[in-house]
Amino acid sequence: MRNHVTALSFILLFILIFGAANAQQSFYVSPGGDDDNPGTLIRPFATIAKAQRAVRRINSDMRSDIVVYLRGGRYQLSSTLKFDARDSGSNGHRVIYSAYQDEVPVISGGVTIRKWGKGKNGVYTSRSQGTFRQLYVNGRRAIRARTPDAGSYHRLKLWNERDREIIIDSTLIRRWSNFRHVEMIPQLHWAEAILPLESFEKAGPYAHVVPQEPERALIFKRMYPVKSENEAFHFENALEFLDQPGEWYHDPVSKKLYYRPRSGEDMQTAIVIAPELETLIQITGTFDDPVHHLTFTGITFSHAGWNLPRDTGMLSTQAGFYSIRVEGSNVQYFSRPPAAVYVAAAHHLRFERNHFTHLGATGLDLHYGTHDDVIIGNVFEDISGNGMLHARFSGPDEKHTRLYNPDDMRDICANDTISNNIVTRIGRDYPGCCGIACGFPRAVIIEHNDIFDLPYTGISVGWSWMDEDNVMQDNQIRYNHIYNVVTLLCDGGGIYTLSKQPNSMIKENYIHDIYRSQWAVGSLNNGIFLDQGSNGLTLERNVFENIQEGTIRHHDTSTIVSIKNDTQDQRVKDNAGLTPAFHDIRSRLSQLE
Numbered sequence: 000m001r002n003h004v005t006a007l008s009f010i011l012l013f014i015l016i017f018g019a020a021n022a023q024q025s026f027y028v029s030p031g032g033d034d035d036n037p038g039t040l041i042r043p044f045a046t047i048a049k050a051q052r053a054v055r056r057i058n059s060d061m062r063s064d065i066v067v068y069l070r071g072g073r074y075q076l077s078s079t080l081k082f083d084a085r086d087s088g089s090n091g092h093r094v095i096y097s098a099y100q101d102e103v104p105v106i107s108g109g110v111t112i113r114k115w116g117k118g119k120n121g122v123y124t125s126r127s128q129g130t131f132r133q134l135y136v137n138g139r140r141a142i143r144a145r146t147p148d149a150g151s152y153h154r155l156k157l158w159n160e161r162d163r164e165i166i167i168d169s170t171l172i173r174r175w176s177n178f179r180h181v182e183m184i185p186q187l188h189w190a191e192a193i194l195p196l197e198s199f200e201k202a203g204p205y206a207h208v209v210p211q212e213p214e215r216a217l218i219f220k221r222m223y224p225v226k227s228e229n230e231a232f233h234f235e236n237a238l239e240f241l242d243q244p245g246e247w248y249h250d251p252v253s254k255k256l257y258y259r260p261r262s263g264e265d266m267q268t269a270i271v272i273a274p275e276l277e278t279l280i281q282i283t284g285t286f287d288d289p290v291h292h293l294t295f296t297g298i299t300f301s302h303a304g305w306n307l308p309r310d311t312g313m314l315s316t317q318a319g320f321y322s323i324r325v326e327g328s329n330v331q332y333f334s335r336p337p338a339a340v341y342v343a344a345a346h347h348l349r350f351e352r353n354h355f356t357h358l359g360a361t362g363l364d365l366h367y368g369t370h371d372d373v374i375i376g377n378v379f380e381d382i383s384g385n386g387m388l389h390a391r392f393s394g395p396d397e398k399h400t401r402l403y404n405p406d407d408m409r410d411i412c413a414n415d416t417i418s419n420n421i422v423t424r425i426g427r428d429y430p431g432c433c434g435i436a437c438g439f440p441r442a443v444i445i446e447h448n449d450i451f452d453l454p455y456t457g458i459s460v461g462w463s464w465m466d467e468d469n470v471m472q473d474n475q476i477r478y479n480h481i482y483n484v485v486t487l488l489c490d491g492g493g494i495y496t497l498s499k500q501p502n503s504m505i506k507e508n509y510i511h512d513i514y515r516s517q518w519a520v521g522s523l524n525n526g527i528f529l530d531q532g533s534n535g536l537t538l539e540r541n542v543f544e545n546i547q548e549g550t551i552r553h554h555d556t557s558t559i560v561s562i563k564n565d566t567q568d569q570r571v572k573d574n575a576g577l578t579p580a581f582h583d584i585r586s587r588l589s590q591l592e
């Protein structure tokens, strides 16, 4: 009998040990937790960083997935949360950071502003030592004080190239308080410029406006984007502009913050958040030691900012990139805007059913060295810049028109999938941005996305404006539903391409309701715009409706195959956009303007 008991005990012990080794290991995090806790459901950690350290202790030889469950609430970061190869899954298993059940965890890079006092004329005041370009009140983007008010613009007279001045109506400008912090923001065909003011001089009916350096030298030296007569513009960031509910102004000298509440907002109970961090999460490996098999699902990423446009001004070139140097007639060097979530040298990552919202630059950026990553079922909305950036735009030096042919092919972004996402209301501060912008991708799949209500282009693929060999090939843009885009600027489209990308397909997209803004000055808007150097593309069975200025436009293109486009194929319309399995993510869209 004793031998039977011993054998049974051994079997039970084996089952316990083997089962524990193969069971899914879980950790729990809650804003109300404590990092001295063991990270269980009952006694969760308080920070994601503590859970990350716990994962690193057990993920080197995984026999099942490791899941970090984030309970609902706001996780306020004081610094960027950084992931590297040590955070990867192993043996084909994944490390997963997931919302717990139906709860909503918010990873936030913002700070809460409290202690509001009522001032004159219904304006409330507080103080903040920070620097920021966005403000959110009760989950709603406030309007940086401007003139004319949101939705309307002035028109400039002309650009004085000789004297490097902008000529406007003399009644539109005066010496506002903190004048050198006031910004003039003109719209240049397909991009915007943010120009801090230096001075102005009135001469009869006109005012000669001088921007600050270095933007003044850059904008008058570069040829593109085009500077034209009658372009729309507005002024931003003066206390004198604060005249509408929902507007705010932050005095850079006194650090006093002014806000005029909207109807129904009680500033004693309002949750007011200003962005502090530029990047919430950075996922960066190396070519020899990449990050891999890492998943984020069900998480809201919010309150990342970007202060460079306030600190020095910013001249957008295209798709949110901005000029930093100009040589000769138009050899431009540019920089990439930051992103709330940044990825480089990573493969088999998965971002699923996350919400990217209330962000001050790009939402998600897969910069270089990625492959087999999946971006699926996410919502990108209320973002100042691009919804998504993908792949390098030119080489590491980011020269404006340089072809991308790296010596190390591990540098390229290949075989990534962007599917079943909603992208809407991006470009809120930088209207020349795109819903999804890819530089030089290889075999990227962009499919079944809903893209709508954008000031410029929906999907942009390609760079360099040249019909020359580069890394691009086998790109697929298919089954997307794109509408009400290019609502402010011009010279864009529902889908936009550049340069040579052989064996690539634009197929069965439903593109409709693209009209010309009353404020646009410049070239036509289009359903699909095949811009300079576009070559190797096949367009098949795309459906267009209500495209005011043309369905398919060619500009200096080469070999393009067109098969049965511009037909009313109901099957294409029914299949475009989100697949049924992802219709539920529409409920995550904000109902606020």
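The opening position of the sequence shown corresponds to residue 0 in numbering that gives the first Met the number 0, with each subsequent residue numbered one higher.
Ideal Cβ placement from N, Cα and C applies to all residues, glycine included.
Just so you know, these numbers come straight off a predicted model, no measurement behind them.
Exposure of A216 is indicated by the presence of fewer than 16 other C-beta atoms within 10 angstroms of its C-beta. DSSP places E239 in the helix class (H, G or I) of the three-state scheme. Checking the DSSP bridge columns, you'll see C437 partnered with H389, V460.
Between G88 and N58, the CB-CB gap stays under 9 Å.
For A98, the enclosing beta strand (DSSP E) stretches over residues 94-98. Beyond the five residues adjoining it in sequence on each side, N36 comes within less than 7 Å, by CB distance, of R42, P43, F44 in the same chain, given in chain order. Straight through space, the alpha carbons of A344 and H291 are spaced by roughly 9 Å. Bridge partners of I218 according to DSSP: none are assigned.
Rounded to whole angstroms, the separation of the alpha carbons of R309 and I165 is 20 Å.
Residue range 499-506 is occupied by the beta strand (DSSP E) that includes P501, with no alpha helix (DSSP H) assigned at that position. In the three-state reduction of the DSSP assignment, V373 falls in the strand class, which pools E and B. Ranked by Cα distance from D452, the first of C437, N479, N474, L487 is L487. Your pair L187 and K226 checks out as a contact, with CB atoms roughly 6 Å apart and the cut at 8 Å. Per DSSP, reduced to three states, the secondary structure at A48 is helical. Across the set N120, Q128, Q100, the C-alpha of Q128 shows the shortest separation from the C-alpha of R113. In the three-state DSSP reduction, N525 falls in the strand class (E or B). Under the three-state reduction of DSSP, L348 is assigned to coil, being neither helix nor strand. Excluding the 5 residues flanking it on each side, E351 has same chain C-beta neighbours closer than 6 Å at T296, I375, G376, in chain order. Considering only Q472, T285, C433, H233, the residue with the shortest C-alpha distance to N414 is Q472. Looking only at D250, I47, R52, the smallest Cα-Cα distance to G71 is reached by I47. Straight-line measurement puts the Cα of G138 at about 13 Å from the Cα of T268. If you draw a straight line from the Cα of Y27 to the Cα of R424, it is about 33 Å long.
With a threshold of 16 other beta carbon atoms within 10 Å, H389 meets it and is buried.
T170 carries a helical assignment under DSSP once its states are collapsed to helix, strand and coil. Scanning G438, G319, R570 for the CA closest to the CA of Y455 turns up G319. The criterion of a C-beta distance shorter than 9 Å is not satisfied by Y403 and I458. A distance of 9 Å or more separates the beta carbons of P337 and Y321. Checking the DSSP bridge columns, you'll see V252 has no partner listed. Each of G438, E246, I272 was checked against the Cα of R261, and the nearest Cα belongs to E246.
Inclusion of I282 and V340 in the CB contact set at 9 Å is warranted, their separation being smaller than that value. The alpha-carbon separation between G434 and N329 amounts to approximately 26 Å. In this structure, E214 lies near T311, with their beta-carbon atoms less than 9 Å apart. DSSP, read as helix, strand or coil, puts Q569 in helix.
Where D310 is concerned, the enclosing alpha helix (DSSP H) starts and stops at 307-311. Under the three-state reduction of DSSP output, H553 falls in the strand class. By the neighbour-count criterion, in which a residue is buried when 16 or more other Cβ atoms sit within 10 angstroms of its Cβ, G150 is exposed.
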